[in-house]
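Everything below concerns the one structure shown next.
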């Protein structure tokens, strides 16, 4: 069988020796199309679907023929593959203009990757990056809950909605606490950080922030 697959973000870049994928004959350059009939859009979705003990893994070979491999495994067994794009999808960038942004303050002429501002919950889960939750759609938030992306690291700065909009310069920044309440209700663990700026979010505002974060304990694990 041959199909036309437009999305090539999930090309396999590595197959671990003696892994399930290796034993099945899956190779570098093959394309992962779906697991149990579900298309793979990003690495979180891949890992979530991978937890099933019975899998039907759809692979397109380099000659464009498509095979479905039936796999029985333990829930925590990995297929043993990596992708050319580690998160499969494009990383979500930050549209904020925070008053303290260290990337905006970098000198010119450095390598291009240093100027990319990510704000991606998947990188928060996988690499420990902090996210503001302001650059996320309703679907993104629902996926955090659906796929149990926990813990998630959140740049809080302040729980005062108007002050947060002023500091982050994003009209959606004031929605933070209601989103965190939803995450806590879903038992998603959160680690928080506050970039403390004199004259903005210190003194009484800091006391307010810490007090309101405390109300979400134990799902708010920490505030740094």
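In the working numbering, the protein residues as written are 232 to 455.
Where a beta carbon is used, it is the ideal one built from N, C-alpha and C, also for glycine.
Contact holds between the region 386-402 and the region 421-435, because three or more Cβ pairs, one in each stretch, are under 8 Å apart.
Burial check for residue 252: the Cβ neighbour count within 10 Å reaches 16 or more, so the residue is buried.
As far as DSSP is concerned, residue 247 takes part in no beta bridge. When 274, 421 and 286 are compared, the shortest CA-CA separation from residue 266 is found for 286. Three or more Cβ pairs drawn from the region 276-295 and the region 257-264 lie within less than 8 Å of each other, which places the two stretches in contact. DSSP places residue 277 within a helical segment (H, G or I) once states are collapsed to three.
Look at residue 392 here: in three-state DSSP terms it is helix.
For residue 330, there is no enclosing alpha helix (DSSP H), as DSSP marks it with neither H nor E.
For residue 295, the number of other beta carbons within 10 angstroms of its own is below 16, and it is reported as exposed.
Here the C-alpha atom of residue 455 lies approximately 21 Å from the C-alpha atom of residue 406. For the pair residue 447 and residue 412, the CB atoms are nearer than the 9 Å cut-off. Using a Cβ distance threshold of 9 Å, residue 382 and residue 419 count as a contacting pair. For the options 312, 364, 434 and 441, the alpha carbon positioned closest to that of residue 263 is the one of 312. According to DSSP, residue pairing for residue 418 in a beta bridge does not occur. Collapsing the DSSP output to three states places residue 409 in a helix. Counting of Cβ neighbours within 10 angstroms places residue 395 among the buried residues, the total reaching 16 or more.
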